[in-house]
Each structure stands twice: as C-alpha cells, then as structure tokens.
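K.L.:
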Amino acid sequence: VRNMVKNRKLARSISDAAWGEFFRQLEYKCQWYGRKLVKIDRFFPSSKRCNNCGFVVERLPLNIRSWDCPECGTKGIDRDINAGKNILAAGLAVRQRGLGGFPHERLPNPFGVSVCGANIRPDNNCVKGQLRKTPRGKKQKPKL
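Counted from 1, the sequence shown has number 103 at position 103 by full-length UniProt numbering; the numbering is strictly sequential.
What follows is the structure, encoded as structure tokens:
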C-alpha cells in the first residue's frame with residue numbers, strides 16, 4: 001500500500017481505503033466458508049513472469065502494458081491478465097503442495113509464496129468451525 005500511495009492521482013483514494021479491515025474481512029470470510037487464504041509475496045514477479053514458460057523479464061516499466069516473451073515467443077502478453085494467471089498458479093501450487101492457511105498447517109515453502117502472510121493476523125487465526133453464522137444484520141453474542 002505504501003508504494004501505491006506514490007501515485008499522485010490515486011493517493012487519496014488508496015489512503016482512504018481501510019486496508020487492514022479489508023484483509024481482516026477477507027480472512028474472516030475465508031474461514032466462514034471453509035476456504036484457505038493464500039497471500040503471495042509482495043515481490044513475486046507476477047506481471048514480469050511469462051505465464052506460458054515461466055521466463056522472467058528483468059525490467060518492465062509500468063507504462064508498458066503488454067509485452068512479448070523472448071523465451072517462448074508468446075506475443076502480446078497483457079501484464080494485468082498475465083499477473084492474474086500467475087497469482088492463480090501460485091495459489092494453486094500452494095494448495096497442491098498441501099500448504100494450509102492456518103499456522104499449524106504451514107510448511108517451509110521455497111517458492112516465495114506465503115500462506116496467510118504476516119500482515120493478515122497469523123496469530124489470531126481461528127480453527128475451522130469456530131465461527132457462527134447469524135441472521136443478517138444481527139450481532140453475535142460473545143462465546144463464554
């Protein structure tokens with residue numbers, strides 16, 4: 001988020017967003033529906049890695065929106081679509097290797113992909129089934 005604020009046109013909108021609350025809600029909803037939250041490393045080259053062959057371009061300025069892979073010859077790779085495919089592949093790789101979303105399920109990962117990363121409250125993860133569904137708009141009573 002810190003680097004996103006450097007964009008003068010979007011700085012106010014990005015600063016106004018409650019990012020901590022967003023991640024807290026995302027983690028909560030994942031637990032609610034029995035899903036695992038996978039957070040990839042912020043330096044993962046999702047835009048610069050060819051989703052076809054895995055080649056990583058050394059330098060790819062933000063003003064270049066599409067590029068051609070010099071390794072496999074794939075033409076017109078859109079950086080945003082490419083990043084989405086690479087992030088999906090990283091998440092699926094974590095799932096396939098059996099790395100879980102809860103601290104007691106974590107294993108060392110040489111691929112630079114972290115599960116429920118440090119910024120997403122890893123110490124407060126709930127065990128599946130601990131959350132209760134309530135009717136919409138009603139507050140939950142605390143468990144005693």
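C-beta atoms are modelled at their ideal positions from N, C-alpha and C, and glycine is treated no differently.
Going by C-alpha to C-alpha distance, which of Cys53, Asn82 and Cys72 sits closest to Ser66?
P.N.:
The residue you call residue 66 lines up with position 66 of the sequence shown. For the residues Cys53, Asn82 and Cys72, the minimum Cα distance to Ser66 belongs to Asn82.
K.L.:
If we ignore side chains and look at the alpha-carbon of each, how far apart do Cys53 and Leu37 end up?
P.N.:
Within the sequence shown, residue 53 is the residue found at index 53, counting from 1. Within the sequence shown, residue 37 is the residue found at index 37, counting from 1. Spanning the two alpha carbons is a distance of roughly 26 Å.
K.L.:
Could you pull out every residue in the same chain whose Cβ sits closer than 7 Å to the Cβ of Lys75, ignoring the five residues on either side in sequence?
P.N.:
Within the sequence shown, residue 75 is the residue found at index 75, counting from 1. Counting only Cβ-Cβ distances below 7 Å, and skipping sequence neighbours, we find Asp68.
K.L.:
Have a look at Leu92, Lys48, Cys30 and Arg24 and flag the residue whose alpha-carbon is nearest the alpha-carbon of Glu71.
P.N.:
One-based indexing of the sequence shown puts residue 71 at position 71. Per the Cα distances, Lys48.
K.L.:
Please list the terminal residues of the continuous alpha helix (DSSP H) segment that includes Val94.
P.N.:
Against the sequence shown, residue 94 aligns to sequence position 94. Here the alpha helix (DSSP H) through Val94 covers Arg79 to Gln96.
K.L.:
Rounded to a whole number of angstroms, what is the C-alpha to C-alpha distance between Phe61 and Gly73?
P.N.:
Position 61 of the sequence shown, counting from 1, holds the residue named residue 61. Position 73 of the sequence shown, counting from 1, holds the residue named residue 73. In the sequence as presented, Phe is not what sits at residue 61; that position holds Pro. In a straight line, the C-alpha of Pro61 is about 20 Å away from that of Gly73.
K.L.:
Can you tell me which of Gln31, Phe44, Val56 and Asp78 puts its alpha carbon nearest to the alpha carbon of Ala90?
P.N.:
Counted from its first residue, the sequence shown places residue 90 at position 90. Closest in alpha carbon position to Ala90, among Gln31, Phe44, Val56 and Asp78, is Phe44.
K.L.:
Which runs of the alpha helix (DSSP H) at least 4 residues long sit entirely within the UniProt domain "Cas12f1-like TNB" (19-87)? Give them in chain order.
P.N.:
Runs of the alpha helix (DSSP H) inside the UniProt domain "Cas12f1-like TNB" (19-87): 19-32.
K.L.:
List the whole-angstrom C-beta distance separating Ile87 from Ser46, where the pair is believed to meet the contact cut-off of C-beta under 8 Å.
P.N.:
Here the question's residue 87 lines up with position 87 in the sequence shown. Here the question's residue 46 lines up with position 46 in the sequence shown. About 5 Å; that satisfies the 8 Å criterion.
K.L.:
Compute the Euclidean distance between the alpha carbons of Phe23 and Glu58, then round it to the nearest angstrom.
P.N.:
Start at 1 with the first residue of the sequence shown, and residue 23 comes out as number 23. Start at 1 with the first residue of the sequence shown, and residue 58 comes out as number 58. Roughly 30 Å separates the two Cα atoms.
K.L.:
Shortest alpha-carbon distance to Cys50 belongs to which of Ile64, Asn63, Arg79 and Glu27?
P.N.:
Taking the first residue of the sequence shown as 1, we reach residue 50 at position 50. Measuring from the Cα of Cys50, the nearest candidate turns out to be Arg79.
K.L.:
Would you decide whether Ile64 is buried or exposed? Buried here means 16 or more other CB atoms lie within 10 Å of its CB.
P.N.:
Numbered from 1 along the sequence shown, position 64 holds the residue referred to as residue 64. Looking at its Cβ environment, which holds fewer than 16 other Cβ atoms inside 10 Å, Ile64 is exposed.
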